[in-house]
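Protein chains in written order, with my numbering: chain B, 9 to 533; chain W, 611 to 962.
The beta-carbon is built from N, C-alpha and C at its ideal position, and this holds for glycine as well.
Take a look at the structure below.
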Amino acid sequence: MHSRNRIIGVASAGVVAALALAGCSGGNSAPENQNSSLTIDSGFTIETADPGHSYDPTGNMLAKALYETLVDFEGSDVSTPVPGLASWEQNDDATEFTFTLEDGRTFSDGTPVEAKDVVFSLGRIQAMTDAKPNFLLAGITIEQVDDQTISFSSDSPMLQLPAILANPALGILNSDVVAEHGGTGGADDSAQSWLDENSAGSGPYVLDSLDLTSQIVLSANEDYTGPEEPAYSRVVIRNVTESATQLINLQGGDTDVALDLNGDQVGELGDGFTVNSVPSGSTIFLLVNQDPAIGGPTANTDFAAAVRYGLDYDGLLELAGTGSVEATGVIPPGYAGALDEGVSQDLDAAKAALAASGYAGQTVTLSFPNDYPVGGVDFTSVAERVQSQLEGIGVNVELAPAPFATELDAYVGGTEAFGLWFWGPDYADSANFLPFAPGLTVGLRSGWTAEDAPELSQLAADAYAASTVDERNALFTEFATKMQESGPFIPLIVPGSNIATSDAVTGAAYNSVWTLDIAELSPAS
Amino acid sequence: MSSSVTDRRNPARPALAGFLLRRLGTSVLLLVGVTIVTFLLTNLVPGDPVTAALGEGPARNPATREAFIRAHGLDQPLWTQYGLYVANLLHGDLGTSLSTGRPVTTDLATAIPATLELAIASIIVSLAVALVLGTVAAYRRGLVADQVVRVVSLVGLSIPTFWMALVAFYVFFLQLRIAPGSGRLSPALTPPPRVTGMYTIDFLLNGDGVGFVDALAHMALPVLVLSLFTIGLLTRFIRTSVLEVLDSDYVRAARAKGLGGGRIVLDYVLRGAALPILTVVGIAFGTLLSGTVLVESVYSWPGLGTYAYTAARNLDLPGIMGVGLVVGLIYLVINLVVDVLYAALDPRVRLA
């Protein structure tokens, strides 16, 4: 009995002590000025705060806030690169670009941004073969001309270079500071761990703390010298994976910005919220494998044409939410060469193409990832509707859903007979959609070789080699048009991207390269 | 001399030590089994972990691809990979996560305390509530109270956790405004310096009252939702166990002696029903530690469940192996503790 009393006594003392401590204030104090801080909810895809190793959506958004790139885009418009840290000129055949740094730009420690920092930052990525953005700079020679000037050269025309250099992974680091913390600029560079705890850029914000699983905290760069003044003294980016939770957090005032709401959830937001909805850069498409060993009776462009004309695109678009549009081709809207009009359903043409294909009622298996919605579009619903629409022209489709991570291998390996997938650009330039050509990356995933369609293959090669913007844009348009007339791909939907903010925040604009430029946000007056 | 005195006082001690050794030996063998099964299963999953980890663009770059494969030893034969894994494991190294690029032990050291904090709070709340409900239901067998408890228990067991978590979040945070938003802490606050990794305890150790209250408030809803299920589970068992004891001779004798109701419940009934309750509490605690993925997902709780889900989604083999090993270890430890407590409570067990 005594021992029980003693236990109760100790427990009571513990509770009293806890309550007493709760009354005092140690590290944290009650929040005061809410206007000076901004909270953003997003499902994290990030491995590091070192831009040189980063190549994922959250990593890009973070790098955009901490570092600046030579080239920039304004708001959602990714069709026109504009000067960032530098302006540029090119030679006639587009094989050499000269970038001149803006005057008076400084890093967060007050030292000037110089050409040596550019050469160090980009050379570092080229030297680190394990760095994810390494492929962006393949085949490009980068040299310092003087303190303010850098030259980029390549054997072949590279009109896409300005768009590539706008990628936040190619942000410019303070070379002196990084060198003090393991940054050699070579393959043995070990600055990543330091850059995960500190930032060394010229961007509007600096890194306070990074927790890859829960939150990233930024504070304003007090010495910022660029055009995008930070409007908040503190920014918290939280990892909220459930979009339903993001919605409730936003409605309840726990967050100011929600990045991953789907079209239906955006519709639930009433007064007091602003939604920026624009088509993303990704395209959801069907592929019909052209390799007879994989596709069997459906491995021909006639069967692909039957599918192309047999679908009701408006009906499919109903499955996507606010901001989504019909895919008018392999190049999505907002990019050079994008077509104005997509394909319309034509059941007679579909049936004629089906008859020409030699299809005789076999069951066709449609493979797709069932756990990886793109822009809130659930692939299972799209696949089910494709199945029912194709039934209308006499094609029997069997659905084969699988987790993204396991099915990806079959798609990349080109072993799917009939697939439902998506393609997003690596950087904001239409050259990113040329891999759909026969014999190139995506083309080969559908068993489509250069010999299958030599004319289209040459068209893509010409577009890659073009040395003027006008010539290249005309080739992009021709490529997109021809891909809609024949070939194994049937583009369906360009899902929308929604950035929802409370009315207390203004300036949010979705950008397909870095999702959100945090510096564009400010308190509504 | 002193040792023989101790032995005379506790003649069962050597038997208990032998029992413990036997259980430890079995546990080690089981753990080896767990590593083999998780290793084989994770390697049987179709898919290319390199593309899953690097992303499509970087994975198309042969240099980056090769560097990744070499860095993670994926170019080695499967048996070499397993041998290397076990050798590293003996040094406490669980490998490097393919999706976070950090040592799996570092990732787990962050994730486990977050889940542990929820699980401990939930099991305490659940046990306290279930003991009252289960005992009342047994004492009032067949009466209204028993029926009410039965309904409460069934509701707790049958409502889907994910749905309950969302509804509770919607009602208590958005409508009633009495609970905070998601996560472990309000965005305005700074996490405590890490000691245990459990925010409430670390805030207390740091003397940060505002942080402690905020962290405690953020635990309320996930603990409520997790507890509903566990209360349902425990109440059923406690009711059955108490009913069995209530019919026993020694309880009747205690009543006949005229002992008070409270004394009988605490000293006779619950003590007698302790063994079966202990087993189910152990199982429930294991479930809480390893099966909170849905609740963690809704409340953005960066715990073991979230880590397991992310690892599985990204085909992060070392991450999946790490979680598998930890979950296996959790059940082994819990079973061991339950067995030892059994042995301590009931000498017949350790002599068997």
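Short CB-CB distance (under 8 angstroms) between residue i and chain B
i       : result
D658(W) : yes
L799(W) : yes
Y809(W) : no
Y952(W) : no
F779(W) : yes
G896(W) : no
L786(W) : no
R632(W) : no
N671(W) : yes
T902(W) : no
G932(W) : no
Beta bridge counterpart(s) of residue i as assigned by DSSP
i       : result
Q98(B)  : F105(B)
T157(B) : T108(B) and D154(B)
G427(B) : L295(B) and S375(B)
L407(B) : L374(B)
R632(W) : BP columns for R632(W) are empty, so no partner.
G504(B) : P287(B)
V265(B) : I48(B) and T509(B)
D85(B)  : E82(B)
F281(B) : S510(B)
Y518(B) : L524(B)
R480(B) : R480(B) is not bridged to any residue.
A228(B) : Y213(B)
Reduced DSSP secondary structure (H/G/I, E/B, other) of residue i
i       : result
N378(B) : coil
T306(B) : helix
L684(W) : coil
Q223(B) : strand
Y435(B) : coil
E180(B) : In the sequence as presented, Glu is not what sits at residue 180(B); that position holds Ile. Correct three-state label for I180(B): coil.
A445(B) : coil
P531(B) : strand
C32(B)  : Note on C32(B): pLDDT 46, under 50, position unreliable in the model; no value is reported.
Y240(B) : coil
R14(B)  : Interpretation of R14(B) is limited by its pLDDT of 49, a score under 50 that renders its predicted location unreliable; no figure is taken from the coordinates.
F779(W) : helix
D617(W) : Since pLDDT at D617(W) reaches only 44, below the 50 mark, its modelled position is unreliable, and no value is offered.
V638(W) : helix
Pick from the options that is closest to residue i, judged by C-alpha positions
i       : options                               : result
P170(B) : I133(B), E237(B) and E97(B)           : E97(B)
A177(B) : A527(B), L70(B) and V450(B)           : L70(B)
F281(B) : V394(B), L324(B), W202(B) and L255(B) : L255(B)
T509(B) : A199(B), V283(B), E326(B) and A301(B) : V283(B)
R881(W) : A827(W), G819(W), L942(W) and A954(W) : A954(W)
D717(W) : V950(W), A921(W) and N945(W)          : A921(W)
P797(W) : A146(B), I48(B) and D354(B)           : I48(B)
A223(B) : P801(W), Y809(W), G807(W) and A827(W) : Per the sequence shown, residue 223(B) should be read as Gln rather than Ala. Nearest C-alpha to Q223(B): P801(W).
A266(B) : G51(B), G515(B), S332(B) and Q492(B)  : G51(B)
L853(W) : I811(W), Y749(W), F782(W) and R787(W) : Y749(W)
E544(B) : A357(B), D262(B) and N440(B)          : Nothing in the structure corresponds to residue 544(B), since chain B is present only between 9 and 533.
D111(B) : P89(B), V225(B) and P235(B)           : P235(B)
T108(B) : S87(B), I133(B) and V79(B)            : V79(B)
T249(B) : L898(W), L741(W), L700(W) and G913(W) : G913(W)
CB contact check: residue i to chain W, cutoff 8 angstroms
i       : result
Q134(B) : no
L130(B) : no
D231(B) : no
S33(B)  : The pLDDT assigned to S33(B) is 46, lower than 50, so where the model puts this residue is not dependable; a value taken from the coordinates is nonetheless given after this. It does; some Cβ of chain W falls within 8 angstroms.
A527(B) : no
Q259(B) : yes
L220(B) : yes
Residue i CB to nearest heavy atom of the ligand MG below 7 angstroms
i       : result
F678(W) : Ligands are entirely absent from the displayed structure, and the ligand MG is therefore not among its contents.
**Request:** Count the C-beta pairs between the segment 45-62 of chain B and the segment 131-141 of chain B that are closer than 8 angstroms, then say yes if the count reaches three, no if not.
**Result:** Here the segment 45-62 of chain B lies against the segment 131-141 of chain B, with 3 or more beta-carbon pairs under 8 angstroms apart.
Exercise. Pair every Cβ in the segment 202-217 of chain B with every Cβ in the segment 70-89 of chain B, then say whether three or more of these pairs are closer than 8 angstroms.
Key: Yes, the segment 202-217 of chain B is in contact with the segment 70-89 of chain B.
The segment 902-914 of chain W / the segment 648-668 of chain W touching (three or more Cβ pairs under 8 angstroms)
Taking a cut-off of 8 angstroms for Cβ pairs, the segment 902-914 of chain W and the segment 648-668 of chain W do not touch, as fewer than three such pairs fall below it.
For this session: For the segment 374-389 of chain B and the segment 419-431 of chain B, state whether three or more C-beta atom pairs, one from each stretch, are separated by less than 8 angstroms.
Result: Verdict: yes, contact present.
**Prompt:** Are the segment 312-331 of chain B and the segment 350-359 of chain B in contact at 8 angstroms, needing three or more beta carbon pairs?
**Reply:** Short answer: they touch.
#### Entry: Stretch pair the segment 402-421 of chain B + the segment 367-378 of chain B: three plus CB contacts closer than 8 angstroms
Touching, yes.
Do the segment 691-706 of chain W and the segment 884-896 of chain W make contact, defined as three or more Cβ pairs closer than 8 angstroms? Touching, no, given that fewer than three Cβ pairs across the two stretches are closer than 8 angstroms.
(Q) Pairs of beta-carbons, one from the segment 465-485 of chain B and one from the segment 333-346 of chain B, closer than 8 angstroms: are there three or more? (A) The segment 465-485 of chain B makes contact with the segment 333-346 of chain B, as at least three CB pairs between them are under 8 angstroms.
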